Every structure is written in C-alpha cells, then in structure tokens.
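Reading through the structure tokens given below for one structure.
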Amino acid sequence: MIVWLRPLAMLLALAALLMLALSGPGVRFDVWSYRTGLTVFRWTAYVAIAAALVAAIALAIPKVRARGLVLPMVALLVGLAVLYVPLRFLQSARAVPPINDITTDTDNPPRYMTAARAYPGAEFARQQRAAYPDIAPMLLAVPPRDAFAKAVAAAEAMGWEVVGRDAAAGTIEAVDTTKWFGFKDDIAVRVTPTLEGGSRIDIRSKSRVGRSDIGTNARRIRAYAERLK
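This is the structure:
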C-alpha cells in the first residue's frame with residue numbers, strides 16, 4: 017500500500033493544479049456558473065492540502081523514501097504552492113468588509129444610466145468609510161467639458177467597455193471584466209462643475225455577483241484616480 021504514496025501525492029498535486037487553472041477560466045468562458053467556479057476554487061485548497069500531507073507522509077517513511085525523493089518533493093512543493101493561492105484569497109477577503117458597491121460620494125452616488133443598481137445605503141457607506149477612507153471625489157482644475165473628455169479617455173485606457181456616455185449630463189457608464197473569473201462589474205462616472213471653475217469627478221463601481229468584492233472596486237477607483245492625475 018505504501019508504495020502508492022509517491023504517485024498518489026503527485027496525482028493529488030496535479031489535480032489541485034488543474035482545478036486551480038480551470039476554476040476561473042471556466043467561469044470566464046461560460047463553461048460553468050460562477051458558483052461552480054468558486055466551489056472548484058475552494059476545493060482546490062482541500063486537494064492541495066491532501067497532496068502536501070500524502071507527500072509529507074511519503075517522505076517520512078524510509079521504505080518509500082528509498083524509492084526516490086523527487087516525486088514526493090515535487091508533489092509537496094506543488095501542493096503548497098497551489099494552496100497559497102486560495103489562502104491568499106481568503107486572507108484578502110477577511111481584510112476588507114463584505115461589501116461590493118464602492119463610491120466616492122456615499123451621500124449621492126452616481127446613478128447608472130442603463131444598469132439597474134440601487135445603492136445599498138447607509139450600512140455600506142459606513143463600512144466603506146471605515147475600510148477605504150482614501151476613496152474621495154477627484155478634483156480637476158479644468159472645465160467640465162475637458163474633464164469629461166479626460167474621464168472617458170481614462171476609462172478606455174483602463175480597458176473598460178464604455179457602454180454609455182452623455183457629455184451634456186456629464187455621465188459615463190462602463191463595464192469592467194475581472195481577469196481571473198471574468199466577473200462583470202458596473203461603473204458609473206459623474207462630472208460636475210465646481211464653484212472655482214474646475215470639475216469634480218465622482219465614480220461608483222459595483223460588482224454584479226457576490227456580496228464581497230475582496231477590495232476589487234476600491235482598487236479600481238484608486239487606479240482610475242491615478243489615471244486622471
């Protein structure tokens with residue numbers, strides 16, 4: 017029985033690696049639902065743990081170790097490397113509040129022109145202010161028309177799909193697709209004049225699925241603000 021520990025460890029390690037590799041793209045390319053993708057991603061951790069444990073046991077048994085160290089060592093390293101990804105994901109999730117709608121104006125969030133996305137209200141706003149105190153309106157020393165053009169250019173430069181724009185109203189709507197799972201997030205940008213003759217740009221970014229965005233929307237807003245500087 018113990019002679020099977022080496023190939024079993026490697027088989028589990030390869031299975032974990034394959035599950036990790038397919039979990040996100042499977043959702044992105046509509047092979048399965050996002051819930052299935054997240055389930056596969058979660059089970060990746062369990063299989064990776066099993067691979068590391070079996071490999072460690074194989075390395076601890078002299079009779080198995082005598083048959084060669086390469087296979088169990090590779091299985092152990094692959095298992096631990098794969099395990100790092102979901103553990104890092106979990107750590108990131110625990111570091112931020114379970115919210116998925118972030119805006120620079122929690123009192124009067126930018127509205128979506130086409131997507132029906134009601135703002136969740138005061139509780140989200142409170143958690144956002146506590147977790148992301150740096151998320152604030154962007155002020156530009158240019159008139160609204162120029163600020164609007166700059167806002168559109170920044171959105172396109174970030175790879176967003178601009179699905180609506182109204183220069184007269186100063187509103188932009190876009191969709192961004194996350195890299196791994198291919199989740200669609202809706203973005204609304206609003207440009208308004210300031211009393212000083214400049215412009216204020218507010219942005220709202222909301223995930224379509226899940227309750228927690230793992231900080232994705234806040235990072236997107238920060239990156240957009242950097243583009244506008």
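First residue of the sequence shown: 17, per this note's numbering; consecutive thereafter.
Even glycine gets a Cβ: it sits at the ideal position worked out from N, Cα and C.
Predicted model, so just to flag it, every value in this text is computed and none were measured.
- In this structure, Val191 and Val179 form a Cβ contact; the two beta carbons are roughly 6 Å apart against a cut-off of 8 Å.
- Arg216 is the residue among Arg216, Lys245, Arg224, Val19 whose C-alpha sits nearest the C-alpha of Thr120.
- Taken through DSSP and simplified to helix, strand or coil, Gly95 comes out as helix.
- The region 150-230 contains, as complete beta strand (DSSP E) runs of 3+ residues, the segments 154-156, 177-182, 187-193, 200-209, 215-223 (chain order).
- Rounded to the nearest angstrom, the Cβ distance from Ala31 to Val63 is 5 Å, consistent with a contact under 8 Å.
- Secondary structure of Ile77 (DSSP, three-state): coil.
- Rounded to whole angstroms, the gap between the alpha carbons of Leu155 and Lys166 is 12 Å.
- By the neighbour-count criterion, in which a residue is buried when 16 or more other Cβ atoms sit within 10 angstroms of its Cβ, Asn116 is buried.
- At the C-beta level, Thr187 and Arg206 come within 9 Å of one another.
- DSSP lists Ser221 as the beta-bridge partner residues of Ile118.
- About 18 Å separates the beta carbon of Glu172 from that of Tyr128, a gap too long to meet the 8 Å contact definition.
- Closest in alpha carbon position to Ala72, among Leu87, Phe199, Arg58, Glu242, is Leu87.
- Contact between Arg224 and Ile203 is absent: CB atoms are separated by about 11 Å, not below the 8 Å threshold.
- DSSP places Pro41 inside the alpha helix (DSSP H), whose first and last residues are 21-44.
- Taking the CA atoms as reference points, Met89 sits about 11 Å from Ala29.
- When the five nearest sequence neighbours on each side are left out, the beta carbons in the same chain lying within less than 6 Å of the beta carbon of Met26 are those of Leu87, Ala91, in order along the chain.
- DSSP places Leu85 in the coil class of the three-state scheme, outside both helix and strand.
- Counted as a single uninterrupted DSSP element, the alpha helix (DSSP H) harbouring Ile237 occupies residues 232-244.
- With a 10 Å radius around the Cβ and a threshold of 16 neighbouring Cβ atoms, Gln144 comes out buried.
- Membership of Arg127 in any alpha helix (DSSP H) is not indicated, and neither H nor E is assigned to it by DSSP.
- A residue is called buried when at least 16 other Cβ atoms come within 10 angstroms of its Cβ; Leu36 meets this threshold and is buried.
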